[in-house]
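Residue numbers (this note's numbering): 218 to 661. Every residue gets a Cβ at the ideal spot worked out from N, C-alpha and C, and that includes glycine. Only a predicted model underlies this, so the values are computations on that prediction, with no experimental measurement involved. What follows is a short report on a single structure.
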């Protein structure tokens, strides 16, 4: 049975995914169709809402991710698909209420069928959860874990890799850990399904990657700056000679104008919408210990310019000034809650409105960290090519214990792959951080 299902693994998983999308569509139209018969027949309303549903769902799937069981864990997939479903539902539901208002009907806009809509949201989330856990369960039932060879350069790298890959034990099984100078390295590589390389010298890493390519063995390696630059390069032909062209021009004038306009728009909306949260947080902080509501600290932004960042104070006053760590005893009980839900970062919208920060960009580092990291990694200064941001790759994907080098690579990936569409995508993806607060980095 297991072998039979394994042959049709992709088809069965596609069926699971189809159940989610068709099930969500059917539930929405059938429940709201109880009081809106035009949804159950071929009508202008049903056609417009169907197209709206498909377009918004497709766009949000690009932003949040697809039904990629076997690659991601179940919880992140559930969060991604649920956000896509909820936002699609809201858009289609509002459109239905708008289309129900016309000259022949009630001309006053009002929200109707709230009970049905809430039931739809609940059913969608339950269906997504069931199909996601069923999909991952099925995938790992028919697929044995890949035999993994870890190739590193130090014991510190070994500890880090074992922890990271160990979280994906259903997909990867660590068979052996070796140093890249091992005399039997090539023989060990041939016996593995996948090879992970971490912190290897570039020349040795290149040789191992070529060997894995020769023998069709999956290989994973942590990037260097040159890899990130190459990733964003384009193919260029000069006569019959092939080059990769890495062109560094920075943002165009039009991009800077559009990015600044988006910063102003988002920050104004955020400050207005979050004003009740500002008030409650300020009262809560003041009531707890009577100290200052806001925390201010000098940070570095584009071209090394120094500015004063604003946050809600989450630590005790007059304590040692260094980067926060997980379970930091300087953090107050109120501060733990504000940090968990990223409420402490909201005052940074003031920095954005003032033009000191952007909504999306590299993390604004403490000056002490900038000096320290630049000494250890001279390429750290490349982060200062763009204005510091409230959110970005490092803020979304990073964690408290993510190394400064790995966060640097995430920041450089953003800088080298910058586009306004990517900014919009990252703004939407930031919502997922709120559902994975315990794993996120110290920034929003």
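Residue i, buried or exposed, once every other Cβ within 10 Å from all chains shown has been counted against 16
i: residue 454; result: exposed
i: residue 605; result: buried
i: residue 476; result: buried
i: residue 662; result: In the structure displayed, the chain extends from 218 to 661; residue 662 sits before or after that span and is not available.
i: residue 247; result: exposed
i: residue 368; result: buried
i: residue 650; result: buried
i: residue 406; result: buried
i: residue 507; result: exposed
i: residue 588; result: exposed
i: residue 284; result: buried
i: residue 661; result: Low per-residue confidence applies at residue 661: pLDDT is 31, beneath 50, and the placement is therefore not dependable, though the value from the model is reported in the following sentence. Flag for residue 661 reads buried.
i: residue 657; result: Note that residue 657 scores 40 on pLDDT, short of 50, meaning its location in the model is unreliable; the coordinates nonetheless yield the value given after this. It is buried - the Cβ of residue 657 has at least 16 other Cβ atoms within 10 Å.
i: residue 354; result: exposed
i: residue 514; result: exposed
i: residue 451; result: exposed
i: residue 393; result: exposed
i: residue 341; result: buried
i: residue 559; result: buried
i: residue 448; result: exposed
i: residue 497; result: exposed
i: residue 471; result: exposed
i: residue 218; result: exposed
i: residue 573; result: buried
i: residue 306; result: buried
i: residue 601; result: buried
i: residue 529; result: buried
i: residue 238; result: buried
i: residue 516; result: buried
Local conformation of residue i per DSSP, three classes
i: residue 661; result: Confidence is the limiting factor: at residue 661 the pLDDT is only 31, short of 50, which leaves the residue's position unreliable, though a coordinate-based value still follows. Coil.
i: residue 656; result: In this prediction, residue 656 has a pLDDT of 47, which is less than 50 and means its spatial position is unreliable; what the coordinates show is noted afterwards. DSSP places residue 656 in helix when its eight states are reduced to three.
i: residue 634; result: coil
i: residue 650; result: helix
i: residue 573; result: coil
i: residue 532; result: strand
i: residue 250; result: coil
i: residue 267; result: helix
i: residue 396; result: strand
i: residue 244; result: helix
i: residue 225; result: coil
i: residue 356; result: helix
i: residue 583; result: strand
i: residue 523; result: strand
i: residue 381; result: helix
i: residue 405; result: helix
i: residue 412; result: strand
i: residue 555; result: helix
i: residue 369; result: strand
i: residue 427; result: helix
i: residue 547; result: coil
i: residue 261; result: helix
i: residue 390; result: strand
i: residue 235; result: helix
8 Å Cβ cutoff, residue i in contact with chain C
i: residue 407; result: The structure shown contains no chain C; it holds only a single protein chain.
Inter-residue CB distance, residue i and residue j (contact presumed, cutoff 8 Å)
i: residue 629; j: residue 594; result: Going by Cβ atoms, the distance from residue 629 to residue 594 rounds to 11 Å, so no, they are not a contact pair.
i: residue 518; j: residue 561; result: About 19 Å separates the two Cβ atoms, so there is no contact after all.
i: residue 257; j: residue 352; result: In fact, because the Cβ distance is near 30 Å, the residues do not count as touching under 8 Å.
i: residue 434; j: residue 458; result: Actually they are not in contact, since the Cβ atoms of residue 434 and residue 458 sit about 30 Å apart, beyond 8 Å.
i: residue 576; j: residue 479; result: 7 Å
i: residue 245; j: residue 337; result: 5 Å
i: residue 313; j: residue 266; result: 6 Å
i: residue 609; j: residue 579; result: 6 Å
i: residue 349; j: residue 300; result: So it is not a contact: roughly 13 Å between Cβ atoms.
i: residue 484; j: residue 566; result: 4 Å
i: residue 309; j: residue 270; result: 5 Å
Please confirm if the stretch 305-317 is in contact with the stretch 247-264, defined as three or more CB-CB distances below 8 Å between the two stretches. Contact between the stretch 305-317 and the stretch 247-264 is established, with three or more Cβ pairs separated by less than 8 Å.
Runs of alpha helix (DSSP H) lying entirely within the stretch 431-518, each at least 4 residues, in chain order: The stretch 431-518 contains these whole alpha helix (DSSP H) runs: 442-448, 470-490 and 492-506.
What are the uninterrupted segments assigned as alpha helix (DSSP H) that are 4 or more residues long and contained completely in the stretch 277-341, given in chain order? 291-316
Touch test, the stretch 280-289 against the stretch 633-648, Cβ-Cβ under 8 Å, three pairs minimum: Short answer: they touch.
For the stretch 377-393 against the stretch 354-367, are there 3 or more C-beta pairs whose distance is under 8 Å? yes
To test your reading of the DSSP string, which unbroken beta strand (DSSP E) runs of 3 or more residues are found completely within the stretch 590-614? 606-608
I want to know whether the stretch 459-479 touches the stretch 631-641 - three or more CB-CB distances under 8 Å. yes
Pairs of beta-carbons, one from the stretch 547-562 and one from the stretch 483-503, closer than 8 Å: are there three or more? yes
Stretch-stretch touch, CB-based, cutoff 8 Å, three pairs: the stretch 395-403 with the stretch 412-429: Result yes; three or more Cβ-Cβ pairs closer than 8 Å.
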